[in-house]
Amino acid sequence: ADVQFVSTRKRALAYALPLAVCLLLLDRTIYANRLYLKKDLEYDATLSVMTRVVDRIEQVEGYIPGETPVKFLGDIQRSQLAMTRPAFAHLGSLTGTEENYAITHADTFWMYLEDVMGYPIKRFRETKNEEQERVTDDMPCFPDRDSVQMVDGVVFVKLTAQ
1029 ADVQFVSTRK RALAYALPLA VCLLLLDRTI YANRLYLKKD LEYDATLSVM TRVVDRIEQV
1089 EGYIPGETPV KFLGDIQRSQ LAMTRPAFAH LGSLTGTEEN YAITHADTFW MYLEDVMGYP
1149 IKRFRETKNE EQERVTDDMP CFPDRDSVQM VDGVVFVKLT AQ
């Protein structure tokens, strides 16, 4: 009788262990798919916003792609356009997906425009200019119509107050 009990227990374990592994893999697959979906939505949102920004830049009188210098002011992650996605709130701090856009800091604007969008853009190499600072301080933030302006031959795009 004792042998039959051990045999039954081994059989139950033989069925339960693969089932537990399958459930664990299924759970990880669902979790990974949430991450992939969130990253995909970040890329789509970035493309949408940056397409709007480029369109607005191109509407500035006197702008020449790749020749007229452009300066971004502020952070797209903290702009009026950024929002939290409640459905993905639980993913943020542990997985590195707390941002809403693929552009995570100021230096990645250029990489995104050139490498991802294939758009020729000239980066403004900053020098102190009181007139530019005065004008840009008073500019509204994107998507306001006046958030993209040419000042002294440089196109400024103000995303957030600094």
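In terms of this note's numbering, the sequence shown opens at residue 1029 and continues consecutively.
Every residue, glycine too, gets a C-beta built ideally from N, C-alpha and C.
Being a predicted model, the structure only gives us computed values, none of them experimental.
Take every Cβ of the segment 1098-1110, pair it with every Cβ of the segment 1124-1143, and state whether three or more of those distances are shorter than 8 angstroms. Judged by Cβ distances under 8 angstroms, the segment 1098-1110 makes contact with the segment 1124-1143, as three or more pairs qualify.
Around the C-beta of E1089, are 16 or more other C-beta atoms found within 10 angstroms, so that it is buried, or is it exposed? For this step, residue 1089 is matched to residue 61 along the sequence shown. Label assigned to E1089: exposed.
Would P1097 pass as a contact of F1170 if the rule is Cβ separation under 8 angstroms? Along the sequence shown, read from residue 1 onward, the residue named residue 1097 stands at position 69. Along the sequence shown, read from residue 1 onward, the residue named residue 1170 stands at position 142. P1097 is not a Cβ neighbour of F1170, given a cutoff of 8 angstroms.
Proximity winner among I1092, L1101, L1141 and R1037, relative to V1176 (alpha-carbon distances): For this step, residue 1176 is matched to residue 148 along the sequence shown. Relative to the Cα of V1176, the nearest Cα in the group I1092, L1101, L1141 and R1037 belongs to L1101.
Roughly how far, in whole angstroms, is the beta-carbon of G1181 from the beta-carbon of P1148, given that I think they are within contact range, below 8 angstroms? To locate residue 1181, count along the sequence shown from 1; it is residue 153. To locate residue 1148, count along the sequence shown from 1; it is residue 120. Contact flag wrong, Cβ pair sits at about 17 angstroms.
Starting from M1178 and walking both ways along the beta strand (DSSP E), at which residues does that stretch end? Here residue 1178 refers to the residue found at position 150 of the sequence shown. Taken as a continuous stretch (DSSP letters only), the beta strand (DSSP E) holding M1178 covers V1176 to V1179.
Am I right that Q1160 and V1185 are in contact with their C-beta atoms under 8 angstroms? What's the rounded C-beta distance? Taking the first residue of the sequence shown as 1, we reach residue 1160 at position 132. Taking the first residue of the sequence shown as 1, we reach residue 1185 at position 157. Not a contact, Cβ separation roughly 13 angstroms.
Where in the segment 1065-1140 do unbroken runs of the alpha helix (DSSP H), each at least 4 residues long, occur, reported from the N-terminal end onward? Counting only unbroken stretches of 4 or more residues, the alpha helix (DSSP H) elements lying wholly within the segment 1065-1140 are 1120-1123 and 1136-1139, in sequence order.
Cβ-Cβ separation, V1183 to I1085 (assumed contact under 8 angstroms), whole Å: Stepping through the sequence shown from its first residue, residue 1085 is reached at position 57. Stepping through the sequence shown from its first residue, residue 1183 is reached at position 155. The pair is a contact, with the Cβ atoms about 6 angstroms apart (cut-off 8 angstroms).
Secondary structure at R1039, three-state DSSP: helix, strand or coil? Indexing the sequence shown from 1 puts residue 1039 at position 11. Correct three-state label for R1039: helix.
R1173, DSSP secondary structure in three states: Here residue 1173 is taken as the residue at index 145 of the sequence shown, counted from 1. Three-state result, R1173: helix.
Anticipated Cβ contact below 8 angstroms, T1188 with D1103, distance rounded: If you number the sequence shown from 1, residue 1188 lands on position 160. If you number the sequence shown from 1, residue 1103 lands on position 75. Between T1188 and D1103 a beta carbon distance of about 5 angstroms is seen, short of the 8 angstroms cut, so the two are scored as contacting.
Which class does R1153 belong to by DSSP, given the choice of helix, strand or coil? To locate residue 1153, count along the sequence shown from 1; it is residue 125. In the structure shown, R1153 sits in coil (DSSP, three-state: anything other than H, G, I, E or B).
Please tell me whether M1145 and M1078 are closer than 8 angstroms, where the distance is taken between their beta carbons. On the sequence shown, residue 1145 is found 117 positions in, with the first residue counted as 1. On the sequence shown, residue 1078 is found 50 positions in, with the first residue counted as 1. One thing to note: M1145 has its Cβ within 8 angstroms of the Cβ of M1078.
Cα-Cα separation between D1172 and A1073, rounded to whole angstroms: Sequence index remark: in the sequence shown, residue 1172 carries index 144 (1-based). Sequence index remark: in the sequence shown, residue 1073 carries index 45 (1-based). The alpha-carbon atoms of D1172 and A1073 are separated by roughly 18 angstroms.
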